[in-house]
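**Student:** Numbering (our numbering), first residue to last: 5 to 236. Just so it is clear, CB atoms sit at the ideal spot from N, CA and C, and this is done for glycine as well. Below is one structure. I have some questions about it.
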């Protein structure tokens, strides 16, 4: 079983200003809970033995909040983006696969638990990264052009052609093997570079969320989701 995971919580939260001028994005509240608590709860329900959280912006506030939880903090003196942040934390995972969650997302599974579904679909011999995608019709507060096409039979995602909208969006939920980061850049870089390399080697796969998902990265999205949850 997968018993370790990471939460990406180092970002500046610029799209959530002015709320994030004094509060780090993961501690902004949604329905009475800080955003990061949703990710923590997902992991704690699965009784993960190791949870790593990367921090950078307003790190003292993050450390104070996380002091009461069984987590390891990976502090970034320089913001390292998604790829660099995970790469810095890799020694904590001892060469074994781990979940990774963005701290600024909300999702609700309709049937299967998404983390359970990730583990059930995981094949270490053929995969370096297994992403969770969501169909545009189940994505709240989203007006972009999408990220991927997806072949259900082979679980293969294909990056959206530059001139064509795509029906699937990456959710910020994933299962990774540390070898994805072999020969990765040093310092700050986007994990998308590693997805692209894995895709060329046919080692990037994806499943689709059975439920609803929302990015909570903007004030509009946050307020819309707050109202929705208040009315549920």
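Using CA atoms only, rank isn't needed, just tell me which of 121, 148 and 11 is closest to residue 174.
**Tutor:** Checked all of 121, 148 and 11; the closest Cα to residue 174 is 148.
**Student:** Pick out whichever of 58, 11, 203 and 33 has its Cα sitting closest to the Cα of residue 44.
**Tutor:** If we check each option's Cα against that of residue 44, 11 comes out closest.
**Student:** If you drop the 5 nearest sequence neighbours on each side, which residues of the same chain put their C-beta closer than 6 Å to that of residue 233?
**Tutor:** Cβ neighbours of residue 233 beyond the five flanking positions: 35.
**Student:** How far does the beta strand (DSSP E) with residue 176 in it extend, from its first residue to its last?
**Tutor:** Note, residue 176: beta strand (DSSP E), 172 to 180.
**Student:** Are the CB atoms of residue 110 and residue 196 within a distance shorter than 7 Å?
**Tutor:** Not closer than 7 Å, so no.
**Student:** Can you look up residue 167 in the DSSP assignment and give me helix, strand or coil?
**Tutor:** Residue state, collapsed to three classes: coil.
**Student:** Taking the alpha-carbon of residue 108 as reference, which of 236, 42, 216 and 191 has the nearest alpha-carbon?
**Tutor:** Ranking the options by Cα distance to residue 108, first place goes to 42.
**Student:** Between the alpha carbons of residue 68 and residue 58, how many angstroms are there, rounded?
**Tutor:** Spanning the two alpha carbons is a distance of roughly 14 Å.
**Student:** From 224, 216 and 161, pick the residue whose C-alpha is nearest to that of residue 204; which is it?
**Tutor:** It is 161.
**Student:** Report the residue ranges of all beta strand (DSSP E) runs contained in full by the stretch 78 to 166; include only those spanning at least 3 residues, in chain order.
**Tutor:** Complete beta strand (DSSP E) runs here, min 3: 102 to 106, 109 to 113, 133 to 139, 152 to 155 and 160 to 163.
**Student:** Does the Cβ-Cβ distance between residue 178 and residue 104 come in under 7 Å?
**Tutor:** In this structure, residue 104 lies closer than 7 Å to residue 178 by Cβ.
**Student:** Taking the alpha-carbon positions, what's the residue 83 to residue 193 distance?
**Tutor:** Rounded to the nearest angstrom, the two C-alpha atoms are 10 Å apart.
**Student:** In three-state terms, what does DSSP make of residue 8?
**Tutor:** Three-state result, residue 8: strand.
**Student:** Buried or exposed: residue 46, going by 16 or more other Cβ atoms within 10 Å of its Cβ?
**Tutor:** The residue in question, residue 46, is buried, as its Cβ has 16 or more Cβ neighbours within 10 Å.
**Student:** DSSP three-state call for residue 49: helix, strand or coil?
**Tutor:** DSSP places residue 49 in helix when its eight states are reduced to three.
**Student:** Tell me which same chain residues have a C-beta within less than 6 Å of the C-beta of residue 272, skipping the five on either side of it?
**Tutor:** A query on residue 272 cannot be resolved here, the shown segment of the chain reaching from 5 to 236 and no further.
**Student:** Could you check the C-alpha separation between residue 93 and residue 229 for me, to the nearest Å?
**Tutor:** Each residue's alpha carbon lies about 31 Å from the other.
**Student:** Going by DSSP, which residues form a beta bridge with residue 215?
**Tutor:** Note: residue 215 sits in a beta bridge opposite 113.
**Student:** Would you decide whether residue 66 is buried or exposed? Buried here means 16 or more other CB atoms lie within 10 Å of its CB.
**Tutor:** Its Cβ being crowded by 16 or more others within 10 Å, residue 66 is buried.
**Student:** If residue 54 and residue 96 are in contact, beta carbons under 8 Å, what's the gap, nearest whole angstrom?
**Tutor:** At roughly 7 Å, the Cβ-Cβ gap stays under 8 Å, so residue 54 and residue 96 are in contact.
**Student:** DSSP three-state call for residue 30: helix, strand or coil?
**Tutor:** If DSSP states are grouped into helix, strand and coil, residue 30 belongs with the helices.
**Student:** Evaluate residue 218 with the Cβ neighbour count: other Cβ atoms within 10 Å of its Cβ, from every protein chain shown; 16 or more gives buried, anything less gives exposed.
**Tutor:** It counts as buried.
**Student:** Within a Cβ cutoff of 7 Å, which residues of the same chain sit near residue 202, ignoring the five residues on either side of it in sequence?
**Tutor:** Hits under 7 Å: 132, 133, 184 and 208.
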